[in-house]
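The next block holds one structure in the form of structure tokens; read it before the comments.
There are 4 protein chains.
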Amino acid sequence: MMLSFPTSLLNGYRNFMSGRYVDERERYRSLAEEGQKPSTLVIACSDSRSAPETIFDAGPGELFVIRNVANLVPPHEPDGHFHSTSAALEFAVQSLKVTDIVVMGHGRCGGIRAALDPNAEPLSPGNFIGRWMSLVKPAAEQIQSNDVMTPAERQTALERISIRNSLDNLRSFPDIKVREKEGKLHLHGAWFDISTGELWVMDPETRDFIRPEI
Amino acid sequence: MMLSFPTSLLNGYRNFMSGRYVDERERYRSLAEEGQKPSTLVIACSDSRSAPETIFDAGPGELFVIRNVANLVPPHEPDGHFHSTSAALEFAVQSLKVTDIVVMGHGRCGGIRAALDPNAEPLSPGNFIGRWMSLVKPAAEQIQSNDVMTPAERQTALERISIRNSLDNLRSFPDIKVREKEGKLHLHGAWFDISTGELWVMDPETRDFIRPEI
Amino acid sequence: MMLSFPTSLLNGYRNFMSGRYVDERERYRSLAEEGQKPSTLVIACSDSRSAPETIFDAGPGELFVIRNVANLVPPHEPDGHFHSTSAALEFAVQSLKVTDIVVMGHGRCGGIRAALDPNAEPLSPGNFIGRWMSLVKPAAEQIQSNDVMTPAERQTALERISIRNSLDNLRSFPDIKVREKEGKLHLHGAWFDISTGELWVMDPETRDFIRPEI
Amino acid sequence: MMLSFPTSLLNGYRNFMSGRYVDERERYRSLAEEGQKPSTLVIACSDSRSAPETIFDAGPGELFVIRNVANLVPPHEPDGHFHSTSAALEFAVQSLKVTDIVVMGHGRCGGIRAALDPNAEPLSPGNFIGRWMSLVKPAAEQIQSNDVMTPAERQTALERISIRNSLDNLRSFPDIKVREKEGKLHLHGAWFDISTGELWVMDPETRDFIRPEI
Numbered sequence: 090m091m092l093s094f095p096t097s098l099l100n101g102y103r104n105f106m107s108g109r110y111v112d113e114r115e116r117y118r119s120l121a122e123e124g125q126k127p128s129t130l131v132i133a134c135s136d137s138r139s140a141p142e143t144i145f146d147a148g149p150g151e152l153f154v155i156r157n158v159a160n161l162v163p164p165h166e167p168d169g170h171f172h173s174t175s176a177a178l179e180f181a182v183q184s185l186k187v188t189d190i191v192v193m194g195h196g197r198c199g200g201i202r203a204a205l206d207p208n209a210e211p212l213s214p215g216n217f218i219g220r221w222m223s224l225v226k227p228a229a230e231q232i233q234s235n236d237v238m239t240p241a242e243r244q245t246a247l248e249r250i251s252i253r254n255s256l257d258n259l260r261s262f263p264d265i266k267v268r269e270k271e272g273k274l275h276l277h278g279a280w281f282d283i284s285t286g287e288l289w290v291m292d293p294e295t296r297d298f299i300r301p302e303i
Numbered sequence: 090m091m092l093s094f095p096t097s098l099l100n101g102y103r104n105f106m107s108g109r110y111v112d113e114r115e116r117y118r119s120l121a122e123e124g125q126k127p128s129t130l131v132i133a134c135s136d137s138r139s140a141p142e143t144i145f146d147a148g149p150g151e152l153f154v155i156r157n158v159a160n161l162v163p164p165h166e167p168d169g170h171f172h173s174t175s176a177a178l179e180f181a182v183q184s185l186k187v188t189d190i191v192v193m194g195h196g197r198c199g200g201i202r203a204a205l206d207p208n209a210e211p212l213s214p215g216n217f218i219g220r221w222m223s224l225v226k227p228a229a230e231q232i233q234s235n236d237v238m239t240p241a242e243r244q245t246a247l248e249r250i251s252i253r254n255s256l257d258n259l260r261s262f263p264d265i266k267v268r269e270k271e272g273k274l275h276l277h278g279a280w281f282d283i284s285t286g287e288l289w290v291m292d293p294e295t296r297d298f299i300r301p302e303i
Numbered sequence: 090m091m092l093s094f095p096t097s098l099l100n101g102y103r104n105f106m107s108g109r110y111v112d113e114r115e116r117y118r119s120l121a122e123e124g125q126k127p128s129t130l131v132i133a134c135s136d137s138r139s140a141p142e143t144i145f146d147a148g149p150g151e152l153f154v155i156r157n158v159a160n161l162v163p164p165h166e167p168d169g170h171f172h173s174t175s176a177a178l179e180f181a182v183q184s185l186k187v188t189d190i191v192v193m194g195h196g197r198c199g200g201i202r203a204a205l206d207p208n209a210e211p212l213s214p215g216n217f218i219g220r221w222m223s224l225v226k227p228a229a230e231q232i233q234s235n236d237v238m239t240p241a242e243r244q245t246a247l248e249r250i251s252i253r254n255s256l257d258n259l260r261s262f263p264d265i266k267v268r269e270k271e272g273k274l275h276l277h278g279a280w281f282d283i284s285t286g287e288l289w290v291m292d293p294e295t296r297d298f299i300r301p302e303i
Numbered sequence: 090m091m092l093s094f095p096t097s098l099l100n101g102y103r104n105f106m107s108g109r110y111v112d113e114r115e116r117y118r119s120l121a122e123e124g125q126k127p128s129t130l131v132i133a134c135s136d137s138r139s140a141p142e143t144i145f146d147a148g149p150g151e152l153f154v155i156r157n158v159a160n161l162v163p164p165h166e167p168d169g170h171f172h173s174t175s176a177a178l179e180f181a182v183q184s185l186k187v188t189d190i191v192v193m194g195h196g197r198c199g200g201i202r203a204a205l206d207p208n209a210e211p212l213s214p215g216n217f218i219g220r221w222m223s224l225v226k227p228a229a230e231q232i233q234s235n236d237v238m239t240p241a242e243r244q245t246a247l248e249r250i251s252i253r254n255s256l257d258n259l260r261s262f263p264d265i266k267v268r269e270k271e272g273k274l275h276l277h278g279a280w281f282d283i284s285t286g287e288l289w290v291m292d293p294e295t296r297d298f299i300r301p302e303i
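Protein chains in written order, with our numbering: chain D, 90 to 303; chain P, 90 to 303; chain A, 90 to 303; chain B, 90 to 303.
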């Protein structure tokens with residue numbers, strides 16, 4: 090039988106099995122037996138350059154991960170529709186009882202770039218991406234009109250603003266708000282510069298992004 | 090300044106910078122300059138044990154990744170709401186023009202387990218997770234009533250049925266359907282056994298899951 | 090004299106005599122003198138691809154073997170008729186006092202496939218095979234109606250369910266039940282994938298089939 | 090998890106996988122894809138010393154095998170009961186359309202020995218084995234009273250008589266009788282001396298057992 094499965098993935102899987110898996114066989118097995126107990130949820134971008142497991146060198150069982158375009162969190166909308174991100178949030182917080190949520194943005198984000206482009210047309214009749222990126226529209230509009238910043242500066246700015254936005258939206262979920270107040274849950278922002286490999290972390294007080302000493 | 094950022098993540102990031110990043114510095118830089126051009130979209134579960142970059146040993150730039158609970162794809166619903174998964178799909182297909190989409194499920198999936206439990210109560214007033222998992226409800230009902238299979242067999246069955254379901258839903262997106270017919274886009278199913286590390290791949294003809302020779 | 094005996098069998102026998110038998114001459118002789126004392130009964134399918142001596146690389150004297158279509162055990166029916174399988178069971182347990190009984194099923198089982206086919210006509214006026222496979226009818230009916238599983242998935246499911254069924258029927262034999270309770274007899278399930286050579290073994294607690302570490 | 094599966098079988102399976110299976114991987118795979126097409130049905134004893142695949146050095150796909158105590162074939166009895174041997178016969182002849190059926194007995198057969206012992210008590214209340222061996226009762230009675238033969242001679246004699254008996258019973262199945270007359274099916278007798286490794290084959294004309302030249 091001919092399988093059309095991408096050869097590059099099968100090659101990668103072979104590397105995994107003959108490499109990393111050999112060392113972590115027991116870990117996978119016990120994680121299967123006992124279930125996952127990750128303490129951290131990372132909300133990251135779908136971008137192929139911002140895999141949290143790579144950047145945080147995380148092994149199996151460590152990070153519960155949501156990945157969507159531009160690592161956005163929509164506000165709490167209990168309207169009976171399918172909410173991919175909200176459902177995963179709920180699962181992480183209520184079932185897994187994670188203690189930390191990291192919203193991790195990154196440089197050169199295609200979603201943010203599209204949100205900043207005033208001439209961007211809807212990408213498709215359905216325009217899911219346009220609708221999705223409208224989550225940052227109010228901020229984008231303020232930034233777009235700022236012609237003293239370079240395009241790159243505007244982009245980095247909106248990438249970071251959007252992270253703060255998502256942190257605010259996280260707190261619109263009643264359960265998250267309560268658990269954070271009780272000290273059981275901590276919210277964090279991070280921004281990864283894909284060009285230099287630098288990680289910037291949000292100071293929870295000032296909400297500035299700074300480079301932690303490592 | 091004291092940063093509350095999780096220490097385990099900072100430690101992991103330090104490993105990344107002193108390890109993998111050293112070798113891939115140029116790759117990150119050129120990916121930043123030229124933009125990402127991943128050929129594959131992987132839709133995987135948020136589960137901490139099923140990171141596609143780990144399982145497929147993928148480096149930066151290789152995989153565009155959506156991660157939500159139970160790696161589900163909702164049907165095409167152009168209703169003006171925020172659709173995290175549909176937006177990312179649209180971005181991958183229309184902007185990045187990926188040539189392959191892999192829906193990758195995995196064993197011991199908590200979302201699938203919840204969908205199979207007839208006594209499961211809504212996890213919260215908002216019940217996002219219940220609503221989200223209702224995407225597999227029709228199949229779950231057929232499997233629930235089957236008392237000659239063990240709970241684990243029912244779970245594996247639904248995990249695989251759900252992947253086929255998501256592949257069907259992918260084809261409800263007009264653009265995906267068209268591109269697949271034109272031979273420009275290929276859809277695949279995969280299932281990762283977190284306990285043994287085995288990868289099972291869906292045969293596109295029979296839709297059975299089999300172990301590829303690697 | 091012309092013997093019509095199949096040439097392939099005579100050729101095979103010649104190989105046996107000039108090969109394996111040379112090494113095992115003494116073993117055969119002493120097994121003849123002292124009688125057989127196998128500790129294990131294997132109930133396997135008549136299928137030409139599932140010989141237990143091959144799969145378990147077993148030499149003379151090791152396995153007492155029942156082979157019938159689909160490796161089924163009928164329930165205890167002391168009705169005075171000829172019961173091939175029950176008679177062999179009785180001999181193995183009461184005379185040979187085996188300590189282990191393995192019900193070994195296999196993939197692509199023709200008997201199971203026939204049991205799953207709702208349109209299957211009786212194969213003959215006598216319809217022995219239809220009657221025999223009716224031993225799995227209740228389970229087959231639950232599986233047949235499940236249209237969210239592929240045909241191959243339904244088949245594998247029923248192959249495994251049928252093994253559990255046979256293990257239950259084994260326990261309807263009073264002597265087996267008693268000896269098992271006394272710890273003198275152990276019942277096991279196994280499933281052999283004729284396509285890949287994989288052996289799956291039933292976990293006695295969950296009754297799931299898993300791949301043992303070998 | 091602790092599996093109680095017999096260690097000797099797992100060890101044997103390991104040998105199989107690292108030995109014979111390596112050479113026959115493709116054969117197993119193609120037999121799985123294309124289905125079994127054995128041309129020969131062997132009806133052999135459950136005895137641990139008379140595995141047909143061993144004695145005829147047969148690989149996967151070659152022999153469809155029924156194994157019961159004393160390799161007996163009951164007469165055609167279409168009575169609606171479960172008939173393990175008759176069902177397997179029917180499957181081999183009608184579905185697989187085997188061209189040859191071999192009834193293979195062997196020396197030191199415990200079932201035959203029991204049938205010859207006039208003092209043998211029923212082995213159990215259910216007495217399946219006694220009932221089963223009553224298939225050779227008329228012959229056994231003639232032999233039992235013959236006190237000029239040694240016990241060993243009586244045993245060998247009944248082992249061979251029983252093979253002829255089973256060949257006669259095979260012909261009580263209408264379909265077998267018809268196919269044999271049409272030249273599409275050939276019936277054979279064989280007797281294996283477990284002590285010396287000798288194979289004796291029945292001359293179809295005289296019905297004597299002779300040693301074929303090999």
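For each residue, glycine too, the CB sits at the ideal point set by N, CA and C.
Residue-level contact check: P:Val290 touches chain D, since one or more beta carbons of chain D fall below 8 Å from its beta carbon. For B:Asn157, the enclosing beta strand (DSSP E) covers residues 152-157. Residue-level contact by beta carbon holds for A:Trp221 and chain B, with a gap shorter than 8 Å. From the listed residues B:Asp257, B:Asp112, B:Lys226, the smallest Cα separation to A:Gly286 is found for B:Asp112. The beta carbon of D:Leu161 is closer than 6 Å to those of Leu224, Ser255 in its chain, skipping five residues each way along the sequence. Within the stretch 111-195 of chain P, the complete beta strand (DSSP E) segments at least 3 residues long are 129-134, 152-157, 189-195, listed from N- to C-terminus. Take the alpha-carbon of A:His275 and the one of A:Val131: they are about 12 Å apart. At a beta-carbon threshold of 9 Å, the residues of chain P lying near D:Ala121 are Arg138, Gly196, Arg197, Asp282, Ile283, Ser284, Thr285, ordered along the chain. Taken in chain order, the whole beta strand (DSSP E) runs of length 3 or more contained in the stretch 276-303 of chain D are 288-291. Taking the Cα positions, D:Asp236 is about 41 Å away from D:Val182. Of the residues assessed, B:Asn258 falls on the buried side of the cut-off, its CB having 16 or more other CB atoms within 10 angstroms.
At a cut-off of 8 Å between beta carbons, P:Gly272 makes no contact with chain D. Residues of the stretch 140-154 of chain A whose Cβ lies closer than 7 Å to any Cβ of chain B, in chain order: Ala140, Glu142, Thr143, Ile144, Phe145, Asp146, Ala147, Pro149, Gly150, Glu151, Leu152, Phe153, Val154. If you look at B:Leu247, you'll find it in the alpha helix (DSSP H) that goes 240-259. By the Cβ rule, the stretch 94-113 of chain A counts as touching the stretch 140-148 of chain B, because three or more pairs are nearer than 8 Å. In its chain, beyond the 5 residues on either side, Pro149, Gly150 have a beta carbon closer than 7 Å to the beta carbon of A:Leu120. One thing to note: A:Phe153 has its Cβ within 8 Å of the Cβ of B:Ser137. Annotation for P:Val267: the continuous alpha helix (DSSP H) segment containing it runs 263-270. Nearest to P:Val191 by alpha-carbon distance, out of D:Ile303, D:Ser97, D:Pro240, is D:Ser97. Within the model, the alpha-carbon separation for D:Ser135 versus P:Ala177 is close to 7 Å. Nearest Cα to D:Arg268 within the set D:His165, D:Arg118, D:Tyr117, D:Val187: D:Val187.
In terms of beta-carbon proximity, D:Pro163 lines the interface with chain P, with at least one pair separated by less than 8 Å.
Counting of Cβ neighbours within 10 angstroms places D:Gly278 among the buried residues, the total reaching 16 or more.
Excluding its 5 nearest sequence neighbours in each direction, A:Ile299 has C-beta neighbours in its own chain below 7 Å: Trp289, Val290, Asp292, listed in chain order. Among the residues of the stretch 227-259 of chain D, none has a Cβ less than 8 Å away from any Cβ of chain P.
Taking C-alpha positions only, D:Ser261 is separated from P:Phe281 by approximately 35 Å. Excluding its 5 nearest sequence neighbours in each direction, A:Lys226 has C-beta neighbours in its own chain below 8 Å: Ala204, listed in chain order.
The continuous stretches of alpha helix (DSSP H) do not include P:Asn235, and DSSP gives it neither H nor E. Going by DSSP, A:Gly200 is part of the alpha helix (DSSP H) stretching over 199-205. A distance below 6 Å between beta-carbons, with the five flanking residues on each side excluded, links D:Pro301 to the following residues of its chain, in chain order: Val290.
The shortest C-alpha to C-alpha distance from D:Pro164 to any of D:Arg197, D:Ser284, D:Lys266 is the one to D:Lys266. Short of 8 Å from the beta carbon of D:Tyr117, and not among the five residues preceding or following it, lie these beta carbons of its own chain, in chain order: Tyr110, Pro149. Interface flag for P:Arg103 against chain D is set, since a Cβ pair is found closer than 8 Å.
The DSSP-derived three-state label of A:Asn104 is helix. Across the set A:Met222, A:Leu247, A:Pro127, the C-alpha of A:Leu247 shows the shortest separation from the C-alpha of A:Ile232. Residues of chain D whose Cβ lies closer than 8 Å to the Cβ of P:Phe180 are, in chain order, Ser135, Val158, Gly199, Gly200, Leu212, Ile218.
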